[in-house]
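*Asks:* Numbering (this note's numbering), first residue to last: 654 to 855.
A single structure is presented below for examination.
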Ligand code: ITT
């Protein structure tokens, strides 16, 4: 069965592929994974939803309609308690027009300036929408943690240098992809997604 990863973010594609084709998993020989690189005619998809769920479904629906291939779209947000859940659904555009990962992280540090460790709690929430002929489903993964006081680590992407998952003293960016892919919000969501895909292929 073919599936297409409905994201333009190459870091997400790498992580999703690594988790989906985990050699110990049952899915490896059952699915062929495509990405939007295989469908260059699909341009940017405007993310105008008010929730991660809406945006994930919009991306998966758009790509399924254009490709007729079962589509998986990931929408992820970092929800910081001291900021009443911001940046949340706006995580990609947090620092405004022309936002970069670095500027987003710098803005987050600035907004949290002076806030003590115990109040720097946050969570990553990953919503994966799976849309195909016979399916319209969601898989969700959440990881709680805290926001560090400075950036640490070179791996990963986005807010990884600032996010310290619960139970660890290091950031996602210090973990390396294998460890991050075992514990992350995306891996939790994809474990559910794998079960859904497995059912579809049997
Ligand atoms: P697509 O919409 O094409 O999938 P995107 O980068 O715009 O790509 P999102 O709309 O889900 O993806 O934006 C979420 C932002 O949150 C993303 O740009 C990163 O800054 C951040 N993010 C998402 N997953 C992350 C992760 O695993 N680690 C750190 N930051 C992450």
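Positions of the beta carbon are idealized from the N, C-alpha and C atoms, including for glycine.
Is residue 812 near the ligand ITT, in the sense that its beta carbon is under 7 Å from a heavy atom of that ligand?
*Replies:* On the chain shown, position 159 is the one that residue 812 refers to. Checking every heavy atom of the ligand ITT against the Cβ of residue 812, one is found closer than 7 Å.
*Asks:* Among 706, 821, 845, which residue has its Cα nearest to the Cα of residue 780?
*Replies:* Start at 1 with the first residue of the chain shown, and residue 780 comes out as number 127. Checked all of 706, 821, 845; the closest Cα to residue 780 is 706.
*Asks:* Assuming residue 656 and residue 850 make a contact with CB atoms under 8 Å, what is their CB distance in whole Å?
*Replies:* Residue 656 sits at position 3 when you count from the first residue of the chain shown. Residue 850 sits at position 197 when you count from the first residue of the chain shown. Rounded, the Cβ-Cβ distance is 7 Å, consistent with contact.
*Asks:* Exposed or buried, what is residue 749 when buried is set at 16 or more other beta-carbons lying within 10 Å of its beta-carbon?
*Replies:* As a first step, residue 749 is located in the chain shown; it is residue number 96 there, counting from the start. Exposed: under 16 other Cβ atoms inside 10 Å.
*Asks:* Does residue 819 pass the burial test, meaning 16 or more other C-beta atoms within 10 Å, or should it be called exposed?
*Replies:* Walking along the chain shown from the start, residue 819 turns up at place 166. Classification for residue 819: exposed.
*Asks:* By DSSP, does residue 789 sit in helix, in strand, or in coil?
*Replies:* To locate residue 789, count along the chain shown from 1; it is residue 136. The three-state secondary structure of residue 789, taken from DSSP, is strand.
*Asks:* Pick out whichever of 720, 671, 739 has its Cα sitting closest to the Cα of residue 694.
*Replies:* On the chain shown, position 41 is the one that residue 694 refers to. Among 720, 671, 739, the Cα nearest to that of residue 694 is on 720.
*Asks:* Quick one: does the C-beta of residue 778 sit closer than 7 Å to a heavy atom of the ligand ITT?
*Replies:* Against the chain shown, residue 778 aligns to sequence position 125. It does not: the Cβ of residue 778 is nowhere closer than 7 Å to a heavy atom of the ligand ITT.
*Asks:* When you compare only the Cα positions, how much space is there between residue 807 and residue 826?
*Replies:* In the chain shown, residue 807 corresponds to position 154, counting from 1. In the chain shown, residue 826 corresponds to position 173, counting from 1. Cα-Cα distance, rounded: 6 Å.
*Asks:* Under the three-state reduction of DSSP, which class applies to residue 890: helix, strand or coil?
*Replies:* A question about residue 890 goes unanswered here, because the residues of the chain that appear run from 654 up to 855.
*Asks:* If you reduce the DSSP assignment to three classes, tell me which class residue 655 lands in.
*Replies:* For the purposes of this step, residue 655 is taken as the residue at position 2 of the chain shown. Three-state DSSP puts residue 655 in a strand.
*Asks:* Leaving out five residues on either side along the sequence, give the residues of the same chain with a beta carbon under 8 Å from the beta carbon of residue 660.
*Replies:* Walking along the chain shown from the start, residue 660 turns up at place 7. Correct list, in chain order: 666, 669, 688, 689, 712, 726, 727.
*Asks:* Measuring alpha carbon to alpha carbon, tell me which of 698, 697, 777, 658 ends up nearest residue 691.
*Replies:* Within the chain shown, numbered from 1, the residue matching residue 691 stands at position 38. Taking only the C-alpha atoms, the option nearest residue 691 is 658.
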